[in-house]
Amino acid sequence: MKRALATAMATALLSGAMGSAVFAAEPSLEINACELLTPAEITAAIGLPVDQGRRQDEGMSRDGQYSSTCFWTIEPGKAPDQTAPGRGRRFVILNAQRWPAGRDMAKKFLQAFHESADQGVIANQPVPRKFGDEALWWGDGLAVRKGDVSFGLSVFMPKRGEARTSALEEKLAPQILKRLDRKTAV
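In terms of mature numbering (1 follows the signal peptide of the UniProt record, and there is no 0), the sequence shown is residues -24 to -1, 1 to 162.
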């Protein structure tokens, strides 16, 4: 009996240690959206200063992806014009997700924009763009996937009576993709 108990305890300890080793060997899915763009790059693209950015991660989700968001305030010292669209708030937001390898979840993320448009959840049908492995403009932002990473990028600077275009987001997307390429090459 004592031998069986000792064997069971040793097996439990070893399997726990082996499980920890396997878990530690898996690459981390963590991604930091604030590391994918610099304030200087954003300022150069939009022509206005931004703050250093604030990271707000959701972390790991039930579907296995890690989600990170970064918000940069445009002209941080300037009081917003409360009569302007969006009550004068102006910002850049980047949401990046790293998905488990080989499950095509980044592709499904972009497909969800098409489904949302079909269901009337978003106002515009997505329009393809040429970034990463696949990209689209959904009317308020640019969604891109590259390998097992996807990101959504939006520059929110509404002007009265002007239609939104993807020009500012398209200036920033190549910077993000360059950093993603460097991180996956390491």
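Virtual Cβ for every residue (Gly too), placed ideally from N, Cα, C.
Of the residues 11, 134 and 42, the one whose Cα lies closest to the Cα of residue 77 is 42.
Taking C-beta separations shorter than 6 Å and ignoring five residues to either side along the sequence, the partners of residue 107 in its chain run 120 and 149, following chain order. Boundaries of the beta strand (DSSP E) around residue 104: 103 to 105.
If only uninterrupted alpha helix (DSSP H) runs of at least 4 residues are considered, those enclosed by the segment 70 to 95 are 81 to 94. The beta-carbon distance between residue 142 and residue 105, rounded to whole angstroms, is 7 Å. This is short enough to meet the 8 Å contact definition.
By the beta-carbon neighbour count (other beta carbons within 10 angstroms, threshold 16), residue 103 is exposed. Beta-bridge annotation (DSSP): residue 113 is paired with 103 and 118.
Per DSSP, reduced to three states, the secondary structure at residue 30 is strand. In the DSSP assignment, the residues bridged to residue 46 are 31 and 70.
Between residue 112 and the set 82, 133, 96 and 95, the nearest pair of CA atoms involves 82. Residue 7 sits close to residue 72, with the two beta carbons spaced by under 8 Å.
Contact between the segment 80 to 99 and the segment 20 to 29 is not established, with fewer than three Cβ pairs separated by less than 8 Å. With respect to the 8 Å criterion, residue 110 and residue 131 are not classified as neighbours on the basis of their beta carbons.
Between residue 56 and residue 65, the beta carbon gap of about 5 Å places them in contact (Cβ cut-off 8 Å). According to the DSSP assignment, residue 15 belongs to the alpha helix (DSSP H) that extends over 15 to 22. A check of alpha carbon separations from residue 80 across 116, 125 and 67 identifies 125 as the nearest. For residue 97, there is no enclosing beta strand (DSSP E), as DSSP marks it with neither H nor E. Of the residues 100, 123 and 35, the one whose Cα lies closest to the Cα of residue 84 is 123. The shortest CA-to-CA distance from residue 134 to any of 59, 47 and 15 is the one to 59.
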